[in-house]
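Going down the list, the protein sequences come from chains W and U.
Sequential numbering of the first sequence, starting at 1, is according to the working numbering.
Sequential numbering of the second sequence, starting at 1001, is according to the working numbering.
Quick reminder that beta carbons are idealized off the backbone N, C-alpha and C, glycines included.
Report on the following structure.
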Amino acid sequence: MFAGDRVADLLHRLGITHVVTVPDSTLGQWEPAIQHAGIRLVRVCREGEAWAVAGGLYLGGASPIVLIQCTGLFESGDSLRNILHDWKLPIPSIIGYRSYLNQETLPGDTCLDFTEPILDAWRLDYRLVTRPDQFELLEAHLGQSMRAGRPGVVLLAEGKA
Amino acid sequence: MSPGGGLPLVGALRALRAARGEGDVVISAMGAAREWMALGTHPLDWVFVPSSMGQATALGLGLALAQPERRVIVLNGDGGMLMNLGSLVTIGSLAPANLVVLLLDNQVYEVTGAQPTPGAAAGRVGGDAVDFAALARASGIGSVFRFASLDEWVADLGRVFSAPGPTVAVLEVAPVPGARGPRSPGPAAERARSFIAALARRPAPSGPPP
């Protein structure tokens, strides 16, 4: 939906120093642009790891963001709970919403049933971005969350190029 | 190794306290946190209680990346390590020279009643304990040590700290009989703020750790 260089430019302007990620087919396309923007890419093996690595980066004075798919959100609940709620570290994130725009590959994908209820259950302040003309929503929510010291989430609809 | 053998956890941690540099961060979790807190406090102790079990190495990796001139020491149990074996691969891939993982292998889930882990000899059909040192090497971590006695640990601790990182040292420690889980030393969010302030007040030594 959004070109990597546009996203990387935004992350750079927001002062993001590290992108902690397990890629999916949308988020992974941004990697070259993120690196080109001088932001360090930290590829982890599992999404629960991502929240904890980002927590350590934040404690150490860096400004990380987590980029994962919603399936990784499901996997990483306990780590997210610990970092965002126990320790109250305001780690922002962009979470890919699998199949939201297209279910041709995975008809009946249950990601559509569970993603938003789980974000609500984890009490995460998210904005759903479904159209290319909503880049400003993504930018505003990440920026406002970071300035307020809250862990804002952008839920990015996926399924079309 | 078998439960009940191995070097004493408290003795191993006392030796670590004596060798720790003033600017070093020590992250402790689960049983290690309980014993580490009992030995005293330090502004750069990150007592990872409450924790997400398995994430101590990941948190330590993040800190080590953010503070590359400061040694970051993670005290992790074998149960926690098994919950996040992939973090060894991540550490190997990023190779932070200032990260030291001390894997305190007592073969059991100590705070829940000392049940064997799936990595322990007693917990496996084949009776073959998982070799954490081999896993660390296979993950690309160049400096890997194993200690089965307190004397060896005390004698070689300096060598562990001076090895090119990232470093993993497996300590075959004895379980603490009847041990309970660690108690939180205070409100987590306040401790996070204090820790961040302590990092700012105590600059890292100039240059990477030796």
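Which bits of chain W does residue i rub up against, with CB to CB less than 7 angstroms?
i, result
"T1090 (chain U)", "V44, C45, E49"
"L1063 (chain U)", "G56, L59, G60"
"G1086 (chain U)", "C45, R46, E49"
"G1060 (chain U)", "G56"
In the DSSP assignment, the alpha helix (DSSP H) including residue i goes from what residue to what residue?
i, result
"P117 (chain W)", "111-121"
"T71 (chain W)", "70-75"
"E47 (chain W)", "47-59"
"L137 (chain W)", "135-148"
"D9 (chain W)", "4-13"
"R1193 (chain U)", "1188-1201"
"R1034 (chain U)", "1030-1038"
"V1101 (chain U)", "From DSSP, V1101 (chain U) is part of no alpha helix (DSSP H) but of the beta strand (DSSP E) over 1099-1105."
Where do the ends of the beta strand (DSSP E) carrying residue i lie?
i, result
"Y126 (chain W)", "126-129"
"T1167 (chain U)", "1167-1172"
"I1141 (chain U)", "No beta strand (DSSP E) holds I1141 (chain U); DSSP gives it neither H nor E."
"S63 (chain W)", "Run containing S63 (chain W): none; DSSP gives neither H nor E here."
"I95 (chain W)", "93-97"
"D1045 (chain U)", "1045-1047"
"G1079 (chain U)", "Segment 1078-1083 is the alpha helix (DSSP H) holding G1079 (chain U); no beta strand (DSSP E) there."
"L41 (chain W)", "40-43"
So which residues of chain U does residue i contact, with C-beta pairs closer than 8 angstroms?
i, result
"G15 (chain W)", "The contacting residues do not exist; G15 (chain W) stays about 14 angstroms from chain U at best."
"N82 (chain W)", "P1050, S1051, S1052, Q1055"
"V66 (chain W)", "Here the premise fails: no neighbours, minimum Cβ distance about 11 angstroms."
When DSSP labels each residue in this structure, what does residue i get in the three-state scheme?
i, result
"H18 (chain W)", "strand"
"R1146 (chain U)", "strand"
"A1274 (chain U)", "The displayed coordinates of chain U run from 1001 to 1210. Any statement about residue 1274 (chain U) would go beyond what the structure contains."
"G1062 (chain U)", "helix"
"W87 (chain W)", "coil"
"S1002 (chain U)", "In this predicted model, S1002 (chain U) has a pLDDT of only 49, less than 50, meaning its place in the structure is not dependable; the value taken from the coordinates is given anyway. Of the three classes helix, strand and coil, the one that applies to S1002 (chain U) here is coil, per DSSP."
"A157 (chain W)", "strand"
"I34 (chain W)", "helix"
"P151 (chain W)", "coil"
"G1023 (chain U)", "coil"
"N102 (chain W)", "coil"
"I1091 (chain U)", "helix"
"G1127 (chain U)", "coil"
"V1074 (chain U)", "strand"
"V1154 (chain U)", "helix"
Which residue's Cα is closest to the Cα of residue i: the options?
i, options, result
"Y100 (chain W)", "W:I94, W:T110, W:C45", "W:T110"
"F1048 (chain U)", "U:A1192, U:I1196, U:A1198, U:V1125", "U:A1192"
"R1202 (chain U)", "U:G1021, U:L1013, U:L1016", "U:G1021"
"S1184 (chain U)", "U:P1050, U:A1038, U:E1035", "U:P1050"
"L1082 (chain U)", "U:P1068, U:G1113, U:G1119, U:V1100", "U:G1119"
"W122 (chain W)", "W:R81, W:R150, W:F135, W:Q35", "W:R81"
"G1080 (chain U)", "U:V1101, U:L1039, U:S1143", "U:V1101"
"G72 (chain W)", "W:L119, W:L41, W:A140, W:I34", "W:L119"
"G1178 (chain U)", "U:G1031, U:L1013, U:L1199", "U:G1031"
"P1164 (chain U)", "U:F1145, U:P1187, U:H1042", "U:F1145"
"M1053 (chain U)", "U:R1159, U:S1087, U:A1200", "U:S1087"
"A1029 (chain U)", "U:G1142, U:L1016, U:G1077", "U:G1077"
Using 8 angstroms as the limit for Cβ to Cβ distance, is residue i near chain C?
i, result
"Q1055 (chain U)", "Absent here is chain C; the protein component of the structure consists of chains W and U."
Who are the neighbours of residue i on chain W, taking C-beta pairs under 8 angstroms?
i, result
"Q1067 (chain U)", "G60, G61"
"I1196 (chain U)", "L59, G61"
"L1222 (chain U)", "Because chain U is modelled from 1001 through 1210, residue 1222 (chain U) falls outside the range shown and cannot be assessed."
"A1192 (chain U)", "L59, W87, K88, L89"
"L1094 (chain U)", "V42"
Chain W partners of residue i, CB-CB under 9 angstroms?
i, result
"A1189 (chain U)", "D86, W87, K88, L89"
Note down, in chain order, every chain U residue with its Cβ under 7 angstroms from the Cβ of residue i.
i, result
"S79 (chain W)", "S1052, Q1055"
Practice problem: Evaluate the contact criterion for the region 1047-1060 of chain U versus the region 50-65 of chain W: three or more CB pairs, one atom per stretch, below 8 angstroms. | Solution: yes
Exercise. Specify whether the region 40-49 of chain W and the region 1146-1159 of chain U touch according to this definition: at least 3 beta carbon pairs, one from each stretch, less than 8 angstroms apart.
Key: no
Quiz item: Are at least three pairs of beta-carbons, each pair with one atom in the region 56-66 of chain W and one in the region 15-29 of chain W, less than 8 angstroms apart?
Solution: yes
Quiz item: Any contact of the region 87-95 of chain W with the region 1077-1092 of chain U, i.e. 3+ C-beta pairs under 8 angstroms?
Solution: no
Quiz item: Counting pairs of Cβ atoms below 8 angstroms between the region 1023-1039 of chain U and the region 1070-1086 of chain U, do you hit three or more?
Solution: yes
Quiz item: Quick one: any contact between the region 1005-1016 of chain U and the region 1164-1184 of chain U, if contact means 3 or more CB pairs under 8 angstroms?
Solution: yes
Practice problem: State whether the region 145-156 of chain W contacts the region 1121-1133 of chain U, with contact taken as three or more CB pairs (one from each stretch) at a distance under 8 angstroms. | Solution: no
Quiz item: Okay, do the region 64-78 of chain W and the region 1103-1113 of chain U touch, 3+ Cβ pairs below 8 angstroms being the bar?
Solution: no
Quiz item: Can at least three beta-carbon pairs, one atom from the region 1108-1117 of chain U and one from the region 1133-1140 of chain U, be found at a separation below 8 angstroms?
Solution: no
Exercise. For the region 1153-1172 of chain U and the region 1032-1042 of chain U, state whether three or more C-beta atom pairs, one from each stretch, are separated by less than 8 angstroms.
Key: no
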